[in-house]
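Keeping their order, the protein sequence lines are chains Y and V.
Reminder that position 70 of the first sequence reads as 270 in the working numbering, one-by-one numbering, no gaps.
Reminder that position 109 of the second sequence reads as 309 in the working numbering, one-by-one numbering, no gaps.
Quick reminder that beta carbons are idealized off the backbone N, C-alpha and C, glycines included.
Computed from a prediction, not measured in an experiment: that's the story for all the values here.
I have placed the structure first, in the form of structure tokens, so that the comments after it can refer back to it.
Protein chains: 2
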Amino acid sequence: MRVPFETICEVVTEAFARAGMRLEDARTCARVHAESSCDGVYSHGLNRGARFVDYLGRGWVDPDARPTLVKKLGAIEIHDGHRGPGILNAFFAADRAMAIAAEQGAGIVSLRDTTHWMRGGTYGWRAADRGFVAIGWTNTESCMPAWGGRDTRLGNNPFVMAVPRKKGHIVLDMAMSQYSYGKLQVTRLKGARLPYPGGFDEDGNLTAEPGPIEQSRRILPMGYWKGSGFAILLDALAAILSEGLATNRIDPIGQGSCTGCSQVFMAFDPRQLGGEEFSDRVADGIADYVNSSVPDEKSREALYPGQSTLRIRAEHRANGVVVDEGVWAEVMALAGRS
Amino acid sequence: MRVPFETICEVVTEAFARAGMRLEDARTCARVHAESSCDGVYSHGLNRGARFVDYLGRGWVDPDARPTLVKKLGAIEIHDGHRGPGILNAFFAADRAMAIAAEQGAGIVSLRDTTHWMRGGTYGWRAADRGFVAIGWTNTESCMPAWGGRDTRLGNNPFVMAVPRKKGHIVLDMAMSQYSYGKLQVTRLKGARLPYPGGFDEDGNLTAEPGPIEQSRRILPMGYWKGSGFAILLDALAAILSEGLATNRIDPIGQGSCTGCSQVFMAFDPRQLGGEEFSDRVADGIADYVNSSVPDEKSREALYPGQSTLRIRAEHRANGVVVDEGVWAEVMALAGRS
Numbered sequence: 201m202r203v204p205f206e207t208i209c210e211v212v213t214e215a216f217a218r219a220g221m222r223l224e225d226a227r228t229c230a231r232v233h234a235e236s237s238c239d240g241v242y243s244h245g246l247n248r249g250a251r252f253v254d255y256l257g258r259g260w261v262d263p264d265a266r267p268t269l270v271k272k273l274g275a276i277e278i279h280d281g282h283r284g285p286g287i288l289n290a291f292f293a294a295d296r297a298m299a300i301a302a303e304q305g306a307g308i309v310s311l312r313d314t315t316h317w318m319r320g321g322t323y324g325w326r327a328a329d330r331g332f333v334a335i336g337w338t339n340t341e342s343c344m345p346a347w348g349g350r351d352t353r354l355g356n357n358p359f360v361m362a363v364p365r366k367k368g369h370i371v372l373d374m375a376m377s378q379y380s381y382g383k384l385q386v387t388r389l390k391g392a393r394l395p396y397p398g399g400f401d402e403d404g405n406l407t408a409e410p411g412p413i414e415q416s417r418r419i420l421p422m423g424y425w426k427g428s429g430f431a432i433l434l435d436a437l438a439a440i441l442s443e444g445l446a447t448n449r450i451d452p453i454g455q456g457s458c459t460g461c462s463q464v465f466m467a468f469d470p471r472q473l474g475g476e477e478f479s480d481r482v483a484d485g486i487a488d489y490v491n492s493s494v495p496d497e498k499s500r501e502a503l504y505p506g507q508s509t510l511r512i513r514a515e516h517r518a519n520g521v522v523v524d525e526g527v528w529a530e531v532m533a534l535a536g537r538s
Numbered sequence: 201m202r203v204p205f206e207t208i209c210e211v212v213t214e215a216f217a218r219a220g221m222r223l224e225d226a227r228t229c230a231r232v233h234a235e236s237s238c239d240g241v242y243s244h245g246l247n248r249g250a251r252f253v254d255y256l257g258r259g260w261v262d263p264d265a266r267p268t269l270v271k272k273l274g275a276i277e278i279h280d281g282h283r284g285p286g287i288l289n290a291f292f293a294a295d296r297a298m299a300i301a302a303e304q305g306a307g308i309v310s311l312r313d314t315t316h317w318m319r320g321g322t323y324g325w326r327a328a329d330r331g332f333v334a335i336g337w338t339n340t341e342s343c344m345p346a347w348g349g350r351d352t353r354l355g356n357n358p359f360v361m362a363v364p365r366k367k368g369h370i371v372l373d374m375a376m377s378q379y380s381y382g383k384l385q386v387t388r389l390k391g392a393r394l395p396y397p398g399g400f401d402e403d404g405n406l407t408a409e410p411g412p413i414e415q416s417r418r419i420l421p422m423g424y425w426k427g428s429g430f431a432i433l434l435d436a437l438a439a440i441l442s443e444g445l446a447t448n449r450i451d452p453i454g455q456g457s458c459t460g461c462s463q464v465f466m467a468f469d470p471r472q473l474g475g476e477e478f479s480d481r482v483a484d485g486i487a488d489y490v491n492s493s494v495p496d497e498k499s500r501e502a503l504y505p506g507q508s509t510l511r512i513r514a515e516h517r518a519n520g521v522v523v524d525e526g527v528w529a530e531v532m533a534l535a536g537r538s
């Protein structure tokens, strides 16, 4: 079904407000969930609304907690998120990084003991919309084996990079597994196979069948040993730079996804460095170079990260956001509308 | 054959000095090549010695050029490398980033118009040896198609992250392709297949046969679309932060690998943040968590990045560095010893 973007914002706001958030905070968080669905990232949009309400109800997210400064030194600040709403904490940290960058060219803010930030791309798009180059990541509880192991030891540690561009920002938002568990589920329900192998079955055979991977939880790091190594380093840096917890200490918390996690936000202001025009010219040059590729046998065009997002966003804004009926009914109920 | 580490340093120093470098600079660069071979990274160690000499001879690398400051603002500095020796330029930039971090907690140095830095991991190990957490990367000329394309548009853009640890640093050094062209060549010469598919043949079939990938140059980004996107963003950030060139403008230079490229070096000083003990405890916790994985069917132990490097390094230091006879003869000739 299709639901207008503004209607989603209203209904989710009501759901979050009923769960104990202040109206203004509920509105901010609701909009982020709506935007993720609008961008086609359903897994971290509307689909997460009920889970967030559940976390509020269990006391795993404190709706009234706000970040406090732990340390400030040069271009870097460390904040404690006190397990406040992950979106509000991450907005705070991203905005602080941008404020520092606007003064000093570069700003780095790390955040410890926060909660799920939902879609990582949110903070990349936000930075690019304000003219900043950005890098950000979070660590998470484990959901993936390290390369060479069979039990889960690594977080999916989403990693975001963003470059502002007048003709459309370049925004990368990637987790460390080749596919998400959500993608495995959706593929299995369709009775389909993954486009490329996505993990190992219980016996250690690489497979593109989603079911056996969901059972073994031996999901594949992107690029095999490379994604495994990258996940390990992102975890270490997030914990060290925020004086927070790494995956091995998030796992025992056992309060859902990302509760107690550590994040890093870096912003760079092209206006303080080579200038906005220069930065835009670089971004255009790269985007054009990629787009002018000779397409492969399966593609009409090689795209840069973020390019298809803008197409989906525009279509959804014009015709309503594609929403799963069950998910919508759930959110409507949480808003007291059914 | 095996050659003692110190002998490699001496001979390569002579080769580089004969090619026009000042003795002290030749010694520094020679040691880096020797260390890379000693760590088992032959592709960017001794094997690159002759090519570096060739670049000096062609005037593609200026042995006497040194970085000059373009801009300084807060924790970030931009330097112009003037196509000096990539190792010397990168040492300068990495050391400046560490010097800033030692004062301010975090330091960022970008470098434009530099030349090949050889092994990216060099700068990660160097930072970790000095107690710093580090991130660094370079862009390069294109060698890989963007996802959805069939002609090369992306650089391999090696990316490095390092965390100091008393029991052995955690150091990730990864290029954006699943395999290097060097690995393809070595595998082909052995008559073997790659462990996992490494690219597409001319007809767009994913294959683990190295030969057809070398011919098509359709080498696979790690994680398919993910490595493609990551390469694009690393390129953009390197060029924007250094006010330098992106891959699309490095390609037309046509003076070998990496000539004119842009690099970024970030350093963080745990001693200024949560303290060395805290940082070491985090790193230990992560390393132990990975190492205590239940091993998979093919492994004795899940390793963290850098762990096997230390084992190779120790073995090579004790018994001599494994060196290809042809490569050694070539370097001996360049040193005027044969």
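Check, Outcome
"Residues near residue 538/Y in its chain [Cβ-Cβ closer than 8 Å; skip 5 each side]", "529 and 532"
"Counterpart residues of residue 333/V in DSSP-defined beta bridges", "468/V"
"Terminal residues of the beta strand (DSSP E) in which residue 276/V lies", "276 to 280"
"8 Å contact criterion, which residue 208/Y and residue 256/Y should meet: CB distance rounded", "Their Cβ separation, rounded to whole angstroms, is 19 Å, which puts residue 208/Y and residue 256/Y out of contact at 8 Å."
"Interfacial residues, the segment 460 to 494 of chain V to chain Y, with Cβ spacing under 7 Å", "468, 470, 472, 473, 474, 478, 479, 482, 483, 485, 486, 489, 490, 493 and 494"
"Under 7 Å from the C-beta of residue 228/V: neighbouring residues of chain Y", "Those do not exist, as residue 228/V stays about 27 Å from chain Y at its closest Cβ, beyond 7 Å."
"C-beta neighbour in chain Y for residue 447/V, strict 8 Å", "yes"
"Proximity to residue 350/V [Cα-Cα], best of 319/Y, 493/Y and 356/Y", "493/Y"
"Cross-strand partners of residue 271/Y (DSSP beta bridge)", "278/Y"
"Close Cβ partners of residue 513/Y (< 6 Å) along its chain, the five nearest in sequence each way excluded", "238 and 239"
"Within chain V, the residues that residue 367/Y reaches when beta carbons sit closer than 8 Å", "What residue 367/Y touches in chain V: nothing, since even the nearest Cβ is about 14 Å away."
"Residue range of the unbroken alpha helix (DSSP H) whose run includes residue 295/Y", "286 to 304"
"Distance between beta carbons of residue 352/Y and residue 417/Y, contact taken as under 8 Å", "6 Å"
"Stretch-stretch touch, CB-based, cutoff 8 Å, three pairs: the segment 304 to 318 of chain Y with the segment 253 to 271 of chain Y", "yes"
"Opposing strand residues paired with residue 359/V [DSSP bridges]", "337/V and 374/V"
"Among 420/V, 395/V and 390/V, nearest to residue 401/V - alpha-carbon criterion", "420/V"
"Residue-level contact to chain V via CB, residue 501/Y, 8 Å cutoff", "yes"
"8 Å contact criterion, which residue 423/Y and residue 422/V should meet: CB distance rounded", "3 Å"
"Spatially closest choice to residue 295/Y from 380/Y, 524/Y and 468/Y, by CA coordinates", "468/Y"
"Contact residues within the segment 369 to 386 of chain Y, judged by C-beta distance below 7 Å to chain V", "370, 372, 374 and 378"
"Which residues DSSP lists as bridging residue 406/V, in chain order", "400/V"
"Meets three-Cβ-pair contact criterion under 8 Å: the segment 318 to 331 of chain V and the segment 283 to 293 of chain V", "yes"
"Per-residue DSSP class, three states only, for residue 314/V", "strand"
"8 Å Cβ cutoff, residue 347/V in contact with chain Y", "yes"
"C-beta neighbour in chain Y for residue 275/V, strict 8 Å", "yes"
"Beta-carbon contacts of residue 473/Y that lie in its chain and below 8 Å, excluding the five residues immediately before and after", "305 and 479"
"Per-residue contacts from residue 361/V into chain Y (C-beta, under 7 Å)", "433 and 437"
"is_contact[residue 497/V, chain Y] using C-beta, thresh 8 Å", "yes"
"Range covered by the alpha helix (DSSP H) that runs through residue 508/Y", "507 to 519"
"Check whether residue 203/V and residue 249/V have beta carbons under 8 Å apart", "no"
"Per-residue contacts from residue 333/V into chain Y (C-beta, under 9 Å)", "436, 437, 440 and 441"
"Collapsed DSSP secondary structure at residue 211/V in the structure displayed", "helix"
"Distance, residue 258/Y Cα to residue 337/V Cα", "43 Å"
"Integer Cβ distance of residue 486/Y from residue 436/V, believed to fall under 8 Å", "5 Å"
"Integer-rounded CB distance, given that residue 328/Y should sit under 8 Å from residue 371/Y", "6 Å"
"Where the alpha helix (DSSP H) through residue 532/V begins and ends", "525 to 534"
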